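Peer 1:
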Amino acid sequence: MGNVHVSMTERRSSKQQSTGKRRAARGISQREVEDVEEMSTPRTPVIYEVVRRLGDEEMERPAFSLWWSGVAAGLSISFSLLAQAVLHTHLPDAPWRDLIAAFGYSIGFLIVVLGRQQLFTESTITVVLPVLNDLSLENLWRMLRLWAIVLLANIAGTLFAAIFCTYLPAVPEDIHQGMMELSRILTNIGWWQMLLRGIASGFLIAAMVWMLPSAETSKLAVITIMTWLIAVGGFTHIIAGSMEAWLLVLAGDWTLWHMVGNFAVPVLIGNVVGGTALFALISYAQVVEEI
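Number 231 in our numbering belongs to position 179 of the sequence shown; there are no gaps in the numbering.
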């Protein structure tokens with residue numbers, strides 16, 4: 053990140069020097085030129101480089117660090133369902149209730165993203181860009197290693213959270229019932245719907261990651277809006293949704309094999325397709341001639 057910042061600063065300084073005299077003749081002072089540069093959105097190749105370097109740094113992390121960061125993300129993301137259930141339970145039964153309650157879904161993502169914890173669906177774009185930039189067996193192995201560790205760690209975190217909420221009196225009964233009511237929405241979604249909705253969710257998470265480098269002071273709004281759209285659209289997310297799926301397994305609504313075959317597999321495929329095959333490839337195609 054530091055190198056990217058230096059690179060951006062150097063480019064801005066060069067631009068200021070080359071355009072400062074020209075614009076001064078039009079009545080724009082050098083200070084105003086600097087203000088324009090500061091307010092400008094980074095070019096697409098700059099955003100690409102920020103995300104690519106972030107992915108490269110993530111793949112270099114030790115397995116131990118990735119695991120515990122992934123477990124922390126799984127625990128944190130469980131607060132999405134909890135916050136959504138709190139709003140769902142306490143808001144009046146009105147047509148707009150679900151639109152407002154869906155904002156609770158953003159809470160877990162805010163904790164994970166702003167806390168720099170490892171979330172599998174973010175890595176469907178961050179670690180893919182370095183691989184596209186340098187396609188080799190070594191980079192493919194590094195990507196698959198990170199995916200495997202983080203995915204298992206995320207799901208372990210949500211399993212712990214589901215056990216905690218189910219078997220310990222940590223959550224008020226009405227809130228727990230609200231969590232179960234929201235979780236049972238999954239039982240009405242078929243295999244292909246799980247997959248297709250997972251594609252939309254994966255695309256939105258990848259878009260969120262792509263937008264964050266240029267969001268600056270608007271990061272909170274970007275994360276909130278993009279994840280709210282996932283919730284209100286009924287899209288499926290392999291990690292946030294696994295909290296709901298584990299609750300259904302622990303309550304006896306689903307068997308473990310039903311959860312794996314009818315939830316985890318299609319949603320995982322969908323998230324990877326949406327985040328990698330669609331968004332990451334499109335993002336790379338935008339800049340391949342400029343990098």
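Virtual Cβ for every residue (Gly too), placed ideally from N, Cα, C.
Every value quoted in this text rests on a predicted model; they were computed, and no experiment measured them.
1. Within the region 93 to 121, note down every full alpha helix (DSSP H) run reaching 4 residues or more, in order along the chain.
2. Which residue marks the beginning of the alpha helix (DSSP H) containing Trp262, and which one marks its end?
3. Going by the CB atoms, is the gap between Glu225 and His140 shorter than 9 Å?
4. Starting from Phe212, trace the alpha helix (DSSP H) in both directions and tell me its first and last residue.
5. Is the Cβ-Cβ distance between Val306 and Thr210 less than 9 Å?
6. Measure the beta-carbon distance from Gln350 to Tyr157 and round it to whole angstroms, keeping in mind my assumption that it falls under 8 Å.
7. Using the Cα positions of Val317 and Gly254, report the straight-line distance between them to the nearest angstrom.
8. What residues in its chain sit with their C-beta under 6 Å from that of Gly160, if we drop five residues either side in the sequence?
9. Look at Leu330 and Ile251 and say whether their C-beta atoms are less than 9 Å apart.
10. For the alpha helix (DSSP H) that contains His289, what are its first and last residues?
11. Sort Ile257, Ile291, Ser117 by Cα distance to Ile275 and report the nearest one.
12. State the Cα-Cα distance for the pair Glu109 and Leu198, rounded to the nearest angstrom.
13. Report the rounded CA-to-CA distance for Pro97 versus Ile177, giving the unit in angstroms.
14. Going by DSSP in three states, Gln338 sits in which element: helix, strand or coil?
15. Going by Cα to Cα distance, which pick from Val102, Ala146, Arg236, Ser294 is closest to Val312?
16. I'd like to know whether the C-beta atoms of Leu204 and Gly122 end up nearer to each other than 9 Å.
17. So, with DSSP's three-state summary, where would you put Gln170?
18. Please work out which residues of its chain come closer than 7 Å, Cβ to Cβ, to Ile201, disregarding the five sequence neighbours upstream and downstream, and give them in chain order.
19. List the endpoints of the continuous alpha helix (DSSP H) containing Ile277.
20. For the alpha helix (DSSP H) that contains Val328, what are its first and last residues?
21. In this structure, how does DSSP classify Ser59 when only helix, strand and coil are distinguished?
22. Whole angstroms are fine: how far does the CA of Tyr219 sit from the CA of Arg249?
23. Under the rule that 16 or more other beta-carbon atoms within 10 Å means buried, what is Asn314, buried or exposed?
24. Kindly indicate which three-state DSSP category Leu162 falls into: helix, strand or coil?
25. To the nearest angstrom, report how far apart Asn206 and Glu174 are at their CA atoms.
26. Under 6 Å Cβ to Cβ from Gly107, same chain only, skipping five residues before and after it: list those, please.
Peer 2: The answer reads as follows:
1. Counting only unbroken stretches of 4 or more residues, the alpha helix (DSSP H) elements lying wholly within the region 93 to 121 are 96 to 112, in sequence order.
2. 243 to 267 is the span of the alpha helix (DSSP H), which, as asked, contains Trp262.
3. No, these two residues do not count as a Cβ contact at 9 Å.
4. Segment 189 to 219, the alpha helix (DSSP H) holding Phe212.
5. One detail in the question is off: residue 306 reads as Trp in this sequence, not Val. Inclusion of Trp306 and Thr210 in the CB contact set at 9 Å is not warranted, their separation being larger than that value.
6. No answer is possible for residue 350: it lies beyond the span of the chain, which begins at 53 and ends at 343.
7. Distance between the alpha carbons of Val317 and Gly254: 14 Å.
8. Ser128, Ile129, Phe131, Ser132, listed in sequence order.
9. It is a contact, given that the beta carbons lie within the stated cut-off.
10. Neither: His289 is in no alpha helix (DSSP H) and is coded neither H nor E.
11. The shortest Cα separation from Ile275 among Ile257, Ile291, Ser117 belongs to Ile257.
12. A direct Cα-to-Cα measurement between Glu109 and Leu198 gives close to 11 Å.
13. When only Cα atoms are considered, Pro97 and Ile177 end up about 15 Å apart.
14. Looking at Gln338 - three-state DSSP - the assignment turns out to be helix.
15. Of the listed residues, the one whose Cα sits closest to Val312 is Ser294.
16. With respect to the 9 Å criterion, Leu204 and Gly122 are classified as neighbours on the basis of their beta carbons.
17. If DSSP states are grouped into helix, strand and coil, Gln170 belongs with coil.
18. Cβ neighbours of Ile201 beyond the five flanking positions: Ala115, Leu118, Trp119, Gly122.
19. Start and end: 271 to 284.
20. Reading the sequence as shown, one finds Thr at residue 328 and not Val. Careful: Thr328 lies outside any alpha helix (DSSP H) and carries neither H nor E.
21. Any answer about Ser59 is weak, because its pLDDT of 46 lies below 50 and its placement is not dependable; what the coordinates show is given next. Per DSSP, reduced to three states, the secondary structure at Ser59 is helical.
22. For Arg249 and Tyr219, the distance between alpha carbons rounds to 31 Å.
23. Buried, because 16 or more other Cβ atoms sit within 10 Å of the Cβ of Asn314.
24. In the displayed model, Leu162 falls within a helix according to three-state DSSP.
25. So the two alpha carbons sit approximately 12 Å from each other.
26. The residues Thr178, Val179, Leu181, Pro182, in chain order, have a CB closer than 6 Å to that of Gly107 in the same chain once the five nearest residues on each side in sequence are set aside.
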